[in-house]
Amino acid sequence: MASMDVSLKEMMQVDGSLGAAIVDYGSGMALGTLGGSKDLDLQIAAAGNTEVVKAKLRTMDSLGLKEAIEDILITLGGQYHIIRPISGRGGKGLFLYLALDRNRANLAMARHQLRSIEEKLEV
Numbered sequence: 001m002a003s004m005d006v007s008l009k010e011m012m013q014v015d016g017s018l019g020a021a022i023v024d025y026g027s028g029m030a031l032g033t034l035g036g037s038k039d040l041d042l043q044i045a046a047a048g049n050t051e052v053v054k055a056k057l058r059t060m061d062s063l064g065l066k067e068a069i070e071d072i073l074i075t076l077g078g079q080y081h082i083i084r085p086i087s088g089r090g091g092k093g094l095f096l097y098l099a100l101d102r103n104r105a106n107l108a109m110a111r112h113q114l115r116s117i118e119e120k121l122e123v
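Heads up: the sequence shown runs through residues 1 to 123, numbered per the working numbering.
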């Protein structure tokens, strides 16, 4: 099992990582962040992506979908943003957020690594 700090460091080791956060989507607060820049404020990203997660959960509920979200991908011109809700019982209500430089990242590998990080995370 890995702590939040270890998990954030592992997220930042993913090729092309720009910033990482572990977020409580009940409050919109980032519980931990690493990386970021003046152009990527992780606190604002955490709050904004909370609304994305809540909207998707509401939509799935309205559609009667009983599946869990694996991840949500937002593709920008120069970046990928991956939101991965934590499915373990200890992480209910939390998600991993990883921003990647699109030119340096391998999206499939990043998703694989994020899944592995989630499985080891102990909250």
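Using N, Cα and C, we set each Cβ at its ideal position, and we do this for glycine too.
None of the values given here were measured: they were computed from a predicted structure.
Check: In three-state terms, what does DSSP make of ARG111?
Finding: DSSP, reduced to helix, strand and coil, places ARG111 within a helical segment of the structure shown.
Note to self: For ILE44, tell me which candidate among LEU57, ALA30, LEU65, LEU73 has the shortest Cα-Cα distance.
What the structure shows: Comparing Cα positions, the closest option is ALA30.
Checklist line | Residue from GLU70, GLY35, GLY16, MET60 with nearest C-alpha to SER87 | finding: Out of GLU70, GLY35, GLY16, MET60, GLU70 has the C-alpha closest to the C-alpha of SER87.
Note to self: Can you tell me whether MET29 is helix, strand or coil according to DSSP?
What the structure shows: Strand at MET29.
Next item on the list: Would you be able to state if there are at least three C-beta pairs under 8 Å between the segment 21-29 and the segment 106-116?
Entry: The answer is no - the segment 21-29 does not touch the segment 106-116, with fewer than three Cβ pairs under 8 Å.
Checklist line | Which listed residue (THR33, ARG84, LEU34) has its alpha carbon closest to that of LEU57 | finding: Taking each of THR33, ARG84, LEU34 in turn and checking the Cα distance to LEU57, the smallest one comes out for ARG84.
Notebook entry, point to check: For LEU98, is the classification buried or exposed, using 16 other Cβ atoms within 10 angstroms of its Cβ as the cut-off for buried?
Noted result: Result: buried.
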